[in-house]
Structure formats: structure tokens, C-alpha cells
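What follows is a set of notes on a single structure, which appears directly below.
Residue numbers (the working numbering): 21 to 138.
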């Protein structure tokens with residue numbers, strides 16, 4: 021994007037004027053990508069409570085997956101589950117698990133699955 025405003029782009033590109041960063045300045049969306057989508061260890065949970073964790077890193081992973089619900093209106097975070105995981109090193113190392121999402125309301129809450137090293 022070339023406009024210095026919020027938008028769908030994750031990188032900001034500028035025009036060659038004095039003091040302007042020329043292309044590649046990260047916007048908040050790009051920081052989110054770096055922290056989650058492009059991480060070596062990723063955990064996601066979908067409809068019905070089906071969850072998936074994958075390790076693409078060069079080292080084994082031992083930790084837990086913390087699944088929480090963030091309420092949009094208040095910002096209150098409610099823990100839903102914590103599942104221990106151990107994955108070997110290398111691309112393709114993955115595990116699946118199920119959690120109970122019967123009390124989760126996707127219209128008022130955001131589901132967060134986070135990998136935590138032990």
C-alpha cells in the first residue's frame with residue numbers, strides 16, 4: 021500500500037521524498053503474521069473443537085497449547101483448555117486433538133490457540 025492509513029496491506033511503501041522510508045515498512049498486520057502465521061510452531065482450532073498443532077522448526081517442541089476465548093465487548097480472556105504436546109523436529113511434525121467448545125460463542129468471542137514452551 022502507498023497510503024499511510026489502515027488497510028489490507030501488511031507492508032507500507034513510500035514515495036522517494038526526504039525522510040520517507042522507501043518500501044517495506046511493516047504495518048501492524050505484518051507483525052501479526054510474523055508472530056503467528058510465519059512462526060515455526062503453529063496451533064489452530066476450528067469448528068467443533070478440532071485442533072491442530074504443527075512444528076516446522078529445527079528443534080523438538082515440548083510444551084502446551086493454551087486455548088482461550090477473548091470477548092469482543094469487554095476484552096476479557098477466558099481459558100478453555102490447556103493440552104500438553106511433544107513434537108519432533110522438522111517439517112511435517114504435527115498432532116491433532118479435540119476440545120469442548122460447547123460454551124464458545126463465535127459471534128461474541130475470538131478463539132485463540134497459543135503455543136507455550138515449557
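Don't be surprised by glycine CBs; every beta carbon is placed ideally from N, CA and C.
Beta-carbon gap between residue i and residue j smaller than 8 angstroms
i	j	result
residue 79	residue 104	no
residue 47	residue 29	yes
residue 71	residue 106	no
residue 61	residue 81	yes
residue 31	residue 44	yes
Among the options, nearest to residue i - alpha-carbon criterion
i	options	result
residue 110	75, 54, 29	75
residue 92	44, 127, 45	127
residue 65	54, 113, 86, 50	86
residue 101	94, 55, 132	132
residue 116	33, 138, 63	63
residue 114	135, 31, 121	135
residue 123	108, 98, 137	98
residue 125	108, 73, 138, 67	67
residue 108	73, 33, 32, 54	73
residue 130	33, 58, 138, 94	94
residue 88	77, 33, 120	120
Where residue i falls: helix, strand or coil (DSSP)
i	result
residue 52	helix
residue 137	strand
residue 74	strand
residue 62	strand
residue 121	coil
Element boundaries [beta strand (DSSP E), containing residue i]
i	result
residue 88	81 to 91
residue 114	113 to 118
residue 67	Taken as a continuous stretch (DSSP letters only), residue 67 belongs to no beta strand (DSSP E), as it is neither H nor E.
residue 99	97 to 107
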